[in-house]
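A short write-up of the structure that comes next.
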Amino acid sequence: MVSVPHILSGISIILLVIYGVDVMVGGGGAGDGFLPFDAMTRGIGFGMPPIILSFVAFFISKKPPFKGLGIMLIITGILIIVGGAISLTSASESDNASRMIGEGGSLIAIGAIIAALGAIKIKKSGSKV
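Going by the working numbering, the first residue of the sequence shown is number 266, and it counts up by one from there.
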């Protein structure tokens, strides 16, 4: 059963995949990928909405519980964690190393929280998908 929380979570995953592919294609530089944005604009436009949408999807899906939504939240959390880890590893090569370390650590923490929300949703769902 597709619901609003599933759609929000799907949008989150799609935005994060677009963000990640753009960073990989362009090497993280401004306008080097297929999106004509600098890193900050790309982060605000394609990184922030998935975080917000994931929290909204979790909290509006109180009844009935959905296992599929939990899996989607875990995928979103993992994608955010991977982005944070990449930010941490590339921090040593950057002029803004301290800022990137802070952002990477924050992303890892936020991704872990979203993944934990997904695990909670799965645990509470029982057998419903």
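We treat Cβ as the ideally placed atom computed from N, Cα and C, and that holds for glycine. None of the values given here were measured: they were computed from a predicted structure.
Rounded Cβ spacing between residue i and residue j (contact assumed at less than 8 Å)
i: F331; j: S390; result: 6 Å
i: I339; j: G383; result: 4 Å
i: F311; j: I343; result: No, F311 and I343 are not in contact; Cβ-Cβ is about 17 Å, not under 8 Å.
Endpoints, the alpha helix (DSSP H) within which residue i is located
i: S390; result: A362 to S390
i: V290; result: V269 to G291
Residue i vs residue j beta-carbon contact at 8 Å
i: D287; j: G298; result: yes
i: M372; j: S355; result: In the sequence as displayed, the identity of residue 372 is Leu instead of Met. Result no, Cβ atoms of L372 and S355 do not sit closer than 8 Å.
i: I366; j: I345; result: no
i: G333; j: G376; result: no
i: A322; j: L281; result: no
i: G308; j: I387; result: no
i: I325; j: V269; result: yes
Candidates the options: closest to residue i by CA position
i: V347; options: G370, S363, K327 and G335; result: G370
i: I385; options: E368, M337 and A362; result: M337
i: H271; options: L318, R364 and G291; result: L318
i: S364; options: P314, K327 and A304; result: The question names Ser, but residue 364 in the sequence shown is Arg. Of P314, K327 and A304, the residue nearest in Cα terms is A304.
i: M313; options: V290, I279 and M289; result: I279
Local conformation of residue i per DSSP, three classes
i: P301; result: coil
i: I328; result: According to the sequence provided, residue 328 is Lys. The question's Ile does not apply to it. It is coil, neither helix nor strand.
i: G342; result: helix
i: G312; result: coil
Min CB distance residue i to chain B below 8 Å
i: I316; result: In the structure shown, chain B does not exist; there is a single protein chain.
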